[in-house]
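Trainee: Below is one structure. I have some questions about it.
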Amino acid sequence: MRVGSDVPGRIVRVPGGVAMNIAMALARFGLRPELLTAVGRDAEGDELMEAARVRGIGTALVYRSDDLPTDTYMAVEGANGLIAAIADAHSLEAAGDKILRPLADGRIASADAPYVGPVALDGNLTVSLLREIAVSPLFAAADLRVAPASPGKAERLIPLLDHPNATLYVNLEEAGLLLHRTFDSSSEAANALVAKGAHRVLVTNGGQDASLAHKNGVFTQQPPSVLVARVTGAGDTFMAAHIAAELEGQPDPEALRAALDAAALYVSGDTPL
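Just so you know, we're using full-length UniProt numbering here: the sequence shown kicks off at 1 and counts up by one.
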């Protein structure tokens, strides 16, 4: 497609968003994630909550707003990959820290007994809320898994870059934006992020390579070669598969391989939405 093109195609409406994509993938791996997010009390919100429930995703802790509409993400994909995308996450941004109340009021945890499990953190949150999370005692003991929503929002993660319990999942472009430089490989980017203070990072580079790095070293692997049928949600699937593999006790090389295989299966179109 070129700018201004008007072409035939298919329009598909599916449940999504970074947190929802991760949750759906986790559920496919046999886990039961709980959503902490903001969803409107509109028809779209009801449909989204039902879509989550039938997939085995917990929705009891979702903040349902009476005056904010359900957010929407629209992607245009072509044979040459992602053409353009628009994320309308204004309701999530407006809800702010209301979505975090279950971590403080005892429903999940409290200030006296902070949550200690894994948290998949969506970079669609505001910069101010991400800064608050970076220093909040509510997250001090949590296993933070952090994903930028898009390259355009990658710099929002800077407050979490040196969090002692955070694992960052970024692509090569996002790594460059975080450090204000360019990289030729995932291993170079991963090592640079760790040198900058990151506790642990996973950097993907499309079909080229992917690396996991921490203070003890770096692992680099090649993803399987597949015919790409879709791209939106691939990074979220990669992240979810890696979390699931580590929860099973798989070591670094095996967990990275499991994540790459799952992402390749997803982009090939063989994974159900």
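C-beta: ideal position from N, C-alpha, C; glycine also.
Extract the residue ranges of the alpha helix (DSSP H) inside the segment 96-162, only unbroken runs of 4 or more that lie entirely within it.
Mentor: 127-135
Trainee: Just the C-alpha distance for residue 265 and residue 112, rounded to the nearest angstrom, thanks.
Mentor: 42 Å
Trainee: Less than 6 Å between C-beta atoms, sequence neighbours within five positions excluded: which residues of the same chain meet that for residue 98?
Mentor: 63
Trainee: Quick one: residues in its chain with C-beta nearer than 8 Å to the C-beta of residue 82, no 5 flanking neighbours on either side, listed in chain order?
Mentor: Excluding residues within five positions, the ones whose Cβ falls inside 8 Å are 75, 76, 231 and 232.
Trainee: So, helix, strand or coil for residue 44, using DSSP?
Mentor: helix
Trainee: Rounded to the nearest angstrom, what separates residue 259 and residue 240 at their Cα positions?
Mentor: Roughly 8 Å between the two C-alpha positions.
Trainee: Does DSSP put residue 248 in a helix, in a strand, or in coil?
Mentor: coil
Trainee: Spatial neighbours of residue 158 within its chain, please: C-beta separation below 7 Å, excluding the five flanking residues on both sides.
Mentor: 178
Trainee: If you draw a straight line from the C-alpha of residue 294 to the C-alpha of residue 185, how long is it?
Mentor: It is not possible to answer for residue 294, since the shown part of the chain is limited to 1 through 273.
Trainee: Below 8 Å, can you find three or more Cβ-Cβ pairs linking the segment 199-206 to the segment 166-182?
Mentor: yes
Trainee: Considering Cα atoms alone, identify which of 59, 19 and 130 is closest to residue 156.
Mentor: Selected option, being the one with the closest Cα: 130.
Trainee: Given 8 Å as the limit, is there contact between the segment 18-32 and the segment 238-252, that is, 3 or more CB pairs closer than that?
Mentor: Contact between the segment 18-32 and the segment 238-252 is present: three or more C-beta pairs spanning the two stretches fall below 8 Å.
Trainee: Residue 212: which of 227, 192, 43 and 21 sits nearest, CA to CA?
Mentor: 192
Trainee: Would you decide whether residue 267 is buried or exposed? Buried here means 16 or more other CB atoms lie within 10 Å of its CB.
Mentor: When all chains shown are included, residue 267 counts as buried.
Trainee: Give the straight-line distance between the Cα atoms of residue 224 and residue 210, rounded to the nearest whole angstrom.
Mentor: 11 Å
Trainee: Using the Cβ count rule (16 or more neighbours within 10 Å means buried), how would you classify residue 236?
Mentor: buried
Trainee: Helix, strand or coil: which one does DSSP assign to residue 72?
Mentor: strand
Trainee: Within 10 angstroms of its Cβ, does residue 180 collect 16 or more other Cβ (buried), or is it exposed?
Mentor: exposed
Trainee: Under a Cβ-count criterion, where at least 16 other Cβ atoms within 10 Å of its own Cβ denotes burial, should residue 5 be classed as buried or exposed?
Mentor: exposed
Trainee: Considering just the uninterrupted stretch of the alpha helix (DSSP H) at residue 191, what are its terminal residues?
Mentor: 186-195 is the extent of the alpha helix (DSSP H) around residue 191.
Trainee: Closest to residue 11 by C-alpha separation, out of 41, 73, 66 and 39, would be which residue?
Mentor: 73
Trainee: Roughly how many whole angstroms lie between the Cα atoms of residue 145 and residue 43?
Mentor: 31 Å
Trainee: Since residue 263 contacts residue 245 with CB under 8 Å, what's their CB separation in whole angstroms?
Mentor: Rounded, the Cβ-Cβ distance is 12 Å, inconsistent with contact.
Trainee: Go ahead and pull the three-state DSSP assignment for residue 207.
Mentor: strand
Trainee: Going by DSSP, which residues form a beta bridge with residue 274?
Mentor: In this structure the chain extends from 1 to 273, so residue 274 is not present and cannot be described.
Trainee: Comparing the CB of residue 148 with every heavy atom of the ligand ADP, is any distance shorter than 7 Å?
Mentor: Ligands are entirely absent from the displayed structure, and the ligand ADP is therefore not among its contents.
Trainee: Nearest to residue 27 by alpha carbon, out of 54, 109 and 40?
Mentor: 54
Trainee: Can you list, in chain order, the residues of its chain with a C-beta nearer than 6 Å to that of residue 52? Leave out the 5 residues immediately preceding and following it.
Mentor: If we look at residue 52 and ignore the five residues flanking it on each side, its Cβ neighbours are 59.
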